[in-house]
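Quick note: the sequence shown, position 22, residue 73 per our numbering, numbers continuous. Structure record follows, encoded as C-alpha cells.
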Amino acid sequence: MKNSIYVQVALVAIILIVPNLLHAQPVFTDDVVDAPVDGGLSLLIAGGIGYGIKKVREKRKNNY
C-alpha cells in the first residue's frame with residue numbers, strides 16, 4: 052500500500068514538474084544561421100532500419 056502511494060506521488064510530481072522544464076526555443080534575430088537537420092540523420096535512420104531487419108532475420112533463422 053505504501054509503495055502504491057509513493058508511486059502515485061512520484062507520478063503526480065513528474066506530471067507537474069516536466070511541463071515547466073519543456074520550453075519552446077526562443078526567437079532568434081535574423082543574423083543567426085540555422086543548422087541543417089538532415090546532415091547524417093537520414094543515414095542513421097537507414098542504418099537503424101537495416102540493423103533491425105538483420106536482427107529479425109537472425110531471430111527467424113534461429114527459431115526454425
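Using N, Cα and C, we set each Cβ at its ideal position, and we do this for glycine too.
Start and end residues, alpha helix (DSSP H) containing residue i
i, result
"residue 77", "It is not in any alpha helix (DSSP H) - residue 77 carries neither H nor E in the DSSP assignment."
"residue 97", "92 to 114"
"residue 69", "53 to 72"
C-alpha distance - residue i paired with residue j, whole-angstrom precision
i, j, result
"residue 110", "residue 72", "41 Å"
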